[in-house]
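Read through the structure below, which is laid out as structure tokens, and then see the notes.
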Amino acid sequence: MKYISVAVSAVIALTACQSTTDNASTANNTNQELDIASPSDINQALLKDETIDVIHPVADVEFSIPHDNVNVDYDAWRRIRDGLSFDVPQNRRVIAQRNWYAKHPSYLDRVAKRAEPFMFYILEELEANDMPLEIALLPIVESAFDPFAYSHGRASGMWQFVPATGERFGMKQNWWYDGRRDVIASTEGAIQYLKRLHKYFDGDWMLALAAYNSGEGRVMRAVKNNARKGKPTDFWSLDLPRETRAYVPKLLALADIVKRPADFDLTLYAIENEAVISKVDTGSQIDLAKAAQLADLTLAELQRLNPGFNRWATDPDGPHYLLLPNDRIERFKTGLDKLEPKDRLAWQRYKIKSGDTLGTIAQKFNTRVSLI
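Reading the sequence shown from the start, the letters are residues -24 to -1, 1 to 348 in mature numbering (1 follows the signal peptide of the UniProt record, and there is no 0).
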């Protein structure tokens, strides 16, 4: 008599990464679902000498985070504003990008809503590492603040790490879990990588940011090539890929808008300057559907806060934590304490019948053959 165990909650299968490949685009322009600004969106007088990349992603990602009583006098944008340190040149490359953002306020609203659960954590980590707060805006450029973003170049997560670089900076990747999509692991990795690049380029943040996009080797070759020719070696003078030439101006344009939104007739969606989610220890592996139930969240809401998990449950070897809204943590902990170990994972035993195939069994339980 043959039996198999089927993960009944595998219906979720955390396929969000695959689905958002169709919906969410990344700033390295590898996703084809992009919104391209029309020529009228750019001041053409600024484009006499070069073509400016003004492509930006626009996909929506829904979060359910309370937005009542935000202190607009000192929200996250004000905190960033007070911590800005980069000089923003008013050149054609920056102005073209700024024009795009200014003409697409709904896009800024969408990315702000995606950033809302994570922004406070990112700002805390940046300040703890003595980093410029402009870096908090980098996920807008990289992924439109979508932690599920995935490029055709295999970069993943809101900070857009390729597998090798993610592993290099401590992001575990296996069948169960991808740390590149884990907001905590990827933010820590991004900060360490940027600090390393900043040191490598002798404290030049523009070169460090360019290298984050296209690699330190490519940027250093461009620097050395200009030096051999007696040309300036600052970012603006280098012969870099088109994408990289637009990358730094995008960040600077965003910083300029955050600094003085009223000058562009913009009102930024307010983000609370305090933690709205927190890291909660789960102790061991847990079914994500069960965790969502304990926290009184939908499965989609739990996934949006914890996009690093590839399957229906957390990695048996860790990390053993979840990010949860603060107003759900006590409920979750109480339920978790009462949960029997056998109930942490939901499995169903199925007796194989004549004529069964893995395909028909997978269909019966709304799962996939690979998960059986």
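Don't be surprised by glycine CBs; every beta carbon is placed ideally from N, CA and C.
For residue i, which option in the options has the closest C-alpha, if you only look at C-alpha atoms?
{"i": "F124", "options": "G179, R157, F96, H80", "result": "R157"}
{"i": "G155", "options": "R90, A131, G284", "result": "G284"}
{"i": "W152", "options": "D291, K318, T333", "result": "D291"}
{"i": "A52", "options": "Y126, Q149, V64, Y245", "result": "Y245"}
{"i": "I98", "options": "Q168, N189, N45, F62", "result": "Q168"}
{"i": "F211", "options": "V199, R218, V345, A88", "result": "V199"}
{"i": "V48", "options": "W181, T243, R86", "result": "T243"}
{"i": "L321", "options": "T310, Y297, W288, T333", "result": "W288"}
{"i": "Y223", "options": "K171, V70, V46", "result": "V70"}
{"i": "D272", "options": "I247, K255, G311", "result": "G311"}
{"i": "V117", "options": "K226, L270, A267", "result": "K226"}
{"i": "A131", "options": "N105, S162, I233", "result": "S162"}
{"i": "A88", "options": "A120, R304, I253", "result": "A120"}
{"i": "residue 350", "options": "G294, K314, S254, D293", "result": "Nothing about residue 350 can be read from this structure; the chain reaches only from -24 to 348."}
{"i": "T258", "options": "S213, D239, D313, D303", "result": "D313"}
{"i": "F308", "options": "L114, T333, Q269, D293", "result": "Q269"}
Have a look at residue i and residue j and give me their C-alpha separation to the nearest angstrom.
{"i": "M107", "j": "E316", "result": "44 angstroms"}
{"i": "N75", "j": "V64", "result": "14 angstroms"}
{"i": "F177", "j": "G133", "result": "25 angstroms"}
{"i": "V345", "j": "L298", "result": "27 angstroms"}
{"i": "L102", "j": "I160", "result": "12 angstroms"}
{"i": "E219", "j": "N189", "result": "8 angstroms"}
{"i": "L275", "j": "I262", "result": "13 angstroms"}
{"i": "D58", "j": "M95", "result": "15 angstroms"}
{"i": "A187", "j": "H174", "result": "9 angstroms"}
{"i": "K237", "j": "L84", "result": "Reading the sequence as shown, one finds Pro at residue 237 and not Lys. Roughly 11 angstroms separates the two Cα atoms."}
{"i": "L221", "j": "K79", "result": "Reading off the sequence, residue 221 comes out as Arg, not Leu. If I take the Cα positions, the gap works out to 21 angstroms."}
{"i": "Y77", "j": "F62", "result": "19 angstroms"}
{"i": "R55", "j": "W135", "result": "21 angstroms"}
{"i": "L114", "j": "L228", "result": "10 angstroms"}
{"i": "S260", "j": "G179", "result": "42 angstroms"}
How should residue i be labelled, buried or exposed, when 16 other C-beta atoms within 10 angstroms of its C-beta is the threshold for buried?
{"i": "G165", "result": "buried"}
{"i": "S330", "result": "exposed"}
{"i": "residue 358", "result": "Past the edges of the chain, shown from -24 to 348, lies residue 358, and the structure says nothing about it."}
{"i": "E92", "result": "buried"}
{"i": "residue 359", "result": "Outside the displayed range of the chain (-24 to 348) lies residue 359, so it cannot be described from this structure."}
{"i": "G142", "result": "buried"}
{"i": "P208", "result": "exposed"}
{"i": "A184", "result": "buried"}
{"i": "R204", "result": "exposed"}
{"i": "A265", "result": "buried"}
{"i": "A140", "result": "exposed"}
{"i": "N282", "result": "buried"}
{"i": "Q339", "result": "exposed"}
{"i": "D122", "result": "buried"}
{"i": "A104", "result": "exposed"}
{"i": "Q73", "result": "buried"}
With a threshold of 7 angstroms between beta carbons, is residue i in contact with chain D?
{"i": "K309", "result": "Within the model displayed, chain D is absent; a lone protein chain is all it includes."}
For the alpha helix (DSSP H) containing residue i, name the first residue and the last one.
{"i": "K309", "result": "302 to 314"}
{"i": "V87", "result": "81 to 91"}
{"i": "I233", "result": "218 to 235"}
{"i": "E118", "result": "114 to 119"}
{"i": "N75", "result": "68 to 78"}
{"i": "P139", "result": "139 to 144"}
{"i": "M134", "result": "Where M134 is concerned, there is no enclosing alpha helix (DSSP H), given that its DSSP letter is neither H nor E."}
{"i": "I56", "result": "52 to 58"}
{"i": "K340", "result": "334 to 340"}
{"i": "M95", "result": "95 to 104"}
For the beta strand (DSSP E) containing residue i, name the first residue and the last one.
{"i": "V256", "result": "253 to 257"}
Fully enclosed by the region 154 to 203, which alpha helix (DSSP H) runs are 4 residues long or longer? Correct list: 159 to 176, 181 to 190.
Runs of 4 residues minimum, wholly inside the region 267 to 298: which ones carry the alpha helix (DSSP H) assignment? 275 to 281
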